[in-house]
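Top to bottom, those sequences are chains X and G. Anchor point for the first sequence: position 248 equals 1005 in our numbering, and the numbering is continuous, going up by one each time. Anchor point for the second sequence: position 54 equals 811 in our numbering, and the numbering is continuous, going up by one each time. Quick reminder that beta carbons are idealized off the backbone N, C-alpha and C, glycines included. Below is one structure, written out as C-alpha cells; comments come after it.
There are 2 protein chains.
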Amino acid sequence: MNEAAGEIDAALDRLLPIPEGGEARLYEAMRYSTIGGGKRLRGFLVLEGARQFNVSRQAALRVACAIEMVHAYSLIHDDLPAMDDDDMRRGKPTNHKQFDEATAILAGDALQTQAFHVLAGEETHPDPAVRIELVRLLARAAGARGMCGGQMLDMLAEQAEEPMNEAQIGRLQLLKTGKLIEFSAEAGAVLGKAPPAQRHSLAAYGRELGAAFQIADDLLDATASAEEMGKATAKDAGAGKATLVSLLGLERARIQAERLVEQARGHLDSFDSRAELLRRLAGFVIERRN
Amino acid sequence: MNEAAGEIDAALDRLLPIPEGGEARLYEAMRYSTIGGGKRLRGFLVLEGARQFNVSRQAALRVACAIEMVHAYSLIHDDLPAMDDDDMRRGKPTNHKQFDEATAILAGDALQTQAFHVLAGEETHPDPAVRIELVRLLARAAGARGMCGGQMLDMLAEQAEEPMNEAQIGRLQLLKTGKLIEFSAEAGAVLGKAPPAQRHSLAAYGRELGAAFQIADDLLDATASAEEMGKATAKDAGAGKATLVSLLGLERARIQAERLVEQARGHLDSFDSRAELLRRLAGFVIERRN
C-alpha cells in the first residue's frame, strides 16, 4: 500500500501542477489536502482491481487519482466549521485552518471538478464509452444518492432526538463511505471491460469491505488515541452519535466486521493469484491501528 | 427567454425528484436554488446553440439543466458567510439562510455532481464521445482554471492593497463567469457535431457575450436598486472593489459593453435566421434592468 501511495502521490503531483497567477493559491490548497497523506485505500482498490484485467498502470493511476480527489474534497468540506469543525486531519491542520474557510470551500469544489476532468481525459482510456461509464458511476457514488446524501443523513442523525437503529446506521454508512469504496473496487473492471459477473463480484467485494472498514473506523474512534489517528477521536461518543459499536458493543461489532471481511474475500473466489493483495487488504482494514 | 426558463424548470423538476428518507432535505435545498429563479441565460444559450444544428430538444434541455446546476451550485457557495456572505438571492433568502450552512455546502456539492451525472446519461446523446466531450469541456470551464480559479482571484483582489488594472479585471471575469458562458454557447455545437468553424464561432460569441454581460452586471451593481435586482447592490463600491465601471466610468464602460455586443453578433454572421434569438440576446444582456 505504501508503494501504491507513492505512485498515486507522484501522479497527483503531475495532475495538479501549480499555474502562474493568483489561482496558484487555490492549487496549493488543493494539493495540500490531496498529496502526501492518507492510506490511499480507495486508490489502492482501483489499482488492484485494474490488475485483475491487465489494465495499463497509467490508466489505473488516473482513476485512482480521480477517486482520491473526490475523497479529499469530501474531507475538506466535512472538516469545515459549519460541518464537523475539525482542526486536525492526517496529522496536520485541516485545510481551512492552514488556509482559510473560503479557500477551503473553493479547493473542495475545484477538486471535485478536477476529478471529472481527469476521468474525461483521453489518457484515461481510448474508448469514450469506458470514460463516460466511469463518470456516470463516480457521479452516482458521490452525489445526493451516495456520499453527499450519506453526509446529510449523518448531520440529521446528530440533531435527531432518537438514536438510529442498526438498519439506519447501515444505510447511512453505505451512502456516506460505502458507495465510493464500491466504485473504487469496481472501476478497474470498467477500465478492463471485464465480463459483468467479474465486475459485479468486485463491486460486491467493495461493498462488504466498505462496511467492514466503517466498523473498524468506529472501533478506532472508540479505542485509539488522537495521536495514533492523526485526528480527534472519541468524537462519536462525545456527539452522542449511535454507531454499530455503541449499539452492539465492542466485541459483537468486531465479530460483525470479521464476518464482513470473510464475505468480502468470498467474492474474490473466482479470481486468481493476482487478487492476493485484495484478499489481504480485507484483513488489513480491520487490523489497522490508524 | 421566459418560455425557455419554464421548459428548463420543468426539466430540472424531473431531474431532481425528491427521494424517500433523510436525503429528502438535501434535495429540497438543491431544488430551492435551482428551480424557479434566475434569467437562465446559460440554459437559454445551450438551447439556442443547439437550435442551429437541429439537436433534439430533450438532449439540449439536459445540457441546459447541467449548466444551470453548476451555476446554482456556484451561487450557493459564493453566498456563504465565509465567501460573499449574502442574505438575498433572486429575491429570496440565500440557501444557507433558508436551510443552514452545512446543508448549503452539501447542496452545492451535490448539484455539481448531479450536473456531471446528467451529462453522462445516455439520454443526453447516443454517442458516448459527445457526452465525454461535454464532461471534459464543463469540467475545464468550472474548475480551478475556470470558474473556481476566477473566484479565487476575486477573493484575493478583495484582500489586495492595490486595485486591479484593466487586464487583471478582464482575466478575472473571463475565468469567473466567462468560461461557463462560453461553454453554454458552445455546447449546442458539440451536441450537434457541428463543423469546427461553427463550433468556434459559437464559442467566440459566448466569450464576447460573457464579457458584455459582466460589464452590464457591474453597471447594474453601480446604478440599480436592491429591489430591482433581488439581491444587495452597490456591493463592489462598498467593498472597494475595482471593476471596469470604477476604472473607466459609467459612460466608457457602457461603450465598451456595446462594442463587445457588436463583436459577439459578428461571430454569428455565417449563421442563418435560426440565430435570430442569439443576435437579439446580445442586445438584451446590456439593456436588462435586473
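Practice task
Leaving out five residues on either side along the sequence, give the residues of the same chain with a beta carbon under 8 Å from the beta carbon of Asp-911 of chain X.
Solution key: To locate residue 911 of chain X, count along the first sequence from 1; it is residue 154. Hits under 8 Å: Leu-929 and Lys-933.
inquiry  = Taking 8 Å as the threshold (C-beta atoms), are Gly-949 of chain G and Ala-709 of chain G in contact?
reply    = Examination of residue 709 of chain G is not possible in this model, given that chain G is present from 758 through 1047 alone.
**Prompt:** In three-state DSSP terms, what is Met-921 of chain G?
**Reply:** By one-based count along the second sequence, residue 921 of chain G stands at place 164. Correct three-state label for Met-921 of chain G: coil.
Q: Mind reading off the beta-carbon distance from Glu-780 of chain G to Gly-906 of chain X? Whole number of angstroms is fine, and I expect it under 8 Å.
A: Locating residue 780 of chain G in the second sequence gives position 23, where the first residue counts as 1. Locating residue 906 of chain X in the first sequence gives position 149, where the first residue counts as 1. That pair is a contact at about 4 Å.
Which same chain residues end up closer than 8 Å to Val-1018 of chain G when comparing Cβ atoms and leaving out the 5 residues on each side of it in sequence? Here the question's residue 1018 of chain G lines up with position 261 in the second sequence. The beta carbon of Val-1018 of chain G sits closer than 8 Å to the beta carbons of Glu-965, Leu-966, Ala-969, Ala-1039, Gly-1040, Val-1042 and Ile-1043 from its chain, once the five residues preceding and following it are set aside; these are given in chain order.
* Could you give the uninterrupted runs of the alpha helix (DSSP H) lying entirely in the region 990 to 1031 of chain X, keeping only those of 4 residues or more? -> Entirely contained in the region 990 to 1031 of chain X, the alpha helix (DSSP H) runs reaching 4 residues are, in chain order, 992 to 995, 1001 to 1005 and 1007 to 1023.
Among G:Tyr-784, G:Phe-810 and G:Ala-761, the one whose alpha carbon lies nearest that of Ala-822 of chain G: Looking up residue 822 of chain G in the second sequence gives position 65. This sequence places Cys at residue 822 of chain G; Ala is not what is there. Ranked by how close their Cα comes to the Cα of Cys-822 of chain G, the residues G:Tyr-784, G:Phe-810 and G:Ala-761 have G:Ala-761 in first place.
Query raised in the report: According to a CB-to-CB cut-off of less than 7 Å, which residues of the region 899 to 910 of chain G neighbour chain X?
Result: Those residues of the region 899 to 910 of chain G that come within reach of chain X (Cβ to Cβ, closer than 7 Å) are Ala-899, Gly-900, Ala-901, Arg-902, Cys-905, Gly-906, Gln-908, Met-909 and Leu-910.
Hey, would you say Leu-837 of chain G sits closer than 8 Å to Glu-858 of chain G, going by beta carbons?
In the second sequence, the residue the question calls residue 837 of chain G occupies position 80. In the second sequence, the residue the question calls residue 858 of chain G occupies position 101. Yes, they are a contact pair.
Worksheet item: For a contact meaning CB atoms closer than 9 Å, what does Val-892 of chain X contact in chain G?
Response: The sequence position of residue 892 of chain X within the first sequence is 135, counting from 1. Contact of Val-892 of chain X with chain G by beta-carbon distance below 9 Å involves Phe-873, His-874, Leu-876, Ala-877, Arg-888, Ile-889 and Val-892.
### Task
Could you tell me which chain X residues have their CB closer than 9 Å to the CB of Glu-858 of chain G, listed as they occur along the chain?
Taking the second sequence and counting its residues from 1, the one referred to as residue 858 of chain G is at position 101. Within chain X, the residues near Glu-858 of chain G are Leu-837, Pro-838, Ala-839 and Met-840.
request  = May I have the straight-line CA-CA distance separating Arg-1037 of chain G from Ala-914 of chain X, to the nearest angstrom?
outcome  = Working through the second sequence from its first residue, we reach residue 1037 of chain G at position 280. Working through the first sequence from its first residue, we reach residue 914 of chain X at position 157. Distance from the CA of Arg-1037 of chain G to the CA of Ala-914 of chain X, rounded to the nearest whole angstrom, comes to 51 Å.
Next on the checklist: Residues of chain X with CB closer than 8 Å to the CB of His-957 of chain G, please, in chain order.
Outcome noted: One-based indexing of the second sequence puts residue 957 of chain G at position 200. Taking a Cβ-Cβ threshold of 8 Å, none of the residues of chain X is close to His-957 of chain G; the smallest such distance is about 20 Å.
Notebook entry, point to check: List, in order along the chain, the chain G residues whose C-beta lies closer than 8 Å to that of Asp-862 of chain X?
Noted result: Position 105 of the first sequence holds residue 862 of chain X. Residue 862 of chain X is actually Ile in this sequence, not Asp. Per Cβ cutoff of 8 Å: His-834, Leu-837, Ala-839, Met-840 and Ile-862.
*asked:* Pairs of beta-carbons, one from the region 938 to 952 of chain G and one from the region 880 to 893 of chain G, closer than 8 Å: are there three or more?
replied: Contact between the region 938 to 952 of chain G and the region 880 to 893 of chain G is present, because at least three Cβ pairs lie under 8 Å.
| Quick one: what does DSSP say Lys-849 of chain G is sitting in, helix, strand or coil? | For the purposes of this step, residue 849 of chain G is identified with residue 92 of the second sequence, where counting begins at 1. Strand at Lys-849 of chain G.
Looking only at its chain, what residues have a beta carbon closer than 7 Å to the beta carbon of Met-840 of chain G, apart from the 5 residues adjacent to it on each side? Here residue 840 of chain G is taken as the residue at index 83 of the second sequence, counted from 1. Cβ within range, chain order: His-834.
Practice task
Determine the chain G residues that contact Gln-815 of chain X at a beta-carbon separation under 7 Å, and present them in chain order.
Solution key: Here residue 815 of chain X is taken as the residue at index 58 of the first sequence, counted from 1. Taking the beta carbon of Gln-815 of chain X as reference, no residue of chain G falls within 7 Å; the closest one sits roughly 18 Å away.
Item to complete: Could you spell out the range, first to last residue, of the alpha helix (DSSP H) harbouring Ile-812 of chain G?
Response: Taking the second sequence and counting its residues from 1, the one referred to as residue 812 of chain G is at position 55. Checking the sequence, you will find Val at residue 812 of chain G rather than Ile. For Val-812 of chain G, there is no enclosing alpha helix (DSSP H), as DSSP marks it with neither H nor E.
* Sequence-distant residues of its chain with Cβ nearer than 8 Å to Pro-774 of chain G (five each side left out) -> Counting from one through the second sequence, the residue named residue 774 of chain G turns up at place 17. Closer than 8 Å at Cβ, skipping near neighbours: Tyr-784.
According to a CB-to-CB cut-off of less than 7 Å, which residues of the region 759 to 788 of chain G neighbour chain X?
Close to chain X, meaning a Cβ-Cβ distance shorter than 7 Å, are the following residues of the region 759 to 788 of chain G: Pro-776, Gly-779, Glu-780, Arg-782, Leu-783, Tyr-784 and Met-787.
So for Met-904 of chain X, helix, strand or coil by DSSP? Your numbering for residue 904 of chain X matches position 147 in the first sequence. In the structure shown, Met-904 of chain X sits in a helix (DSSP, three-state: H, G or I).
### Task
Using a Cβ cut-off of 9 Å, pull out every chain X residue sitting near Ala-896 of chain G, in sequence order please.
For the purposes of this step, residue 896 of chain G is identified with residue 139 of the second sequence, where counting begins at 1. Simply Thr-870, Gln-871, Ala-872, Phe-873, His-874, Val-875, Leu-876 and Ala-877.
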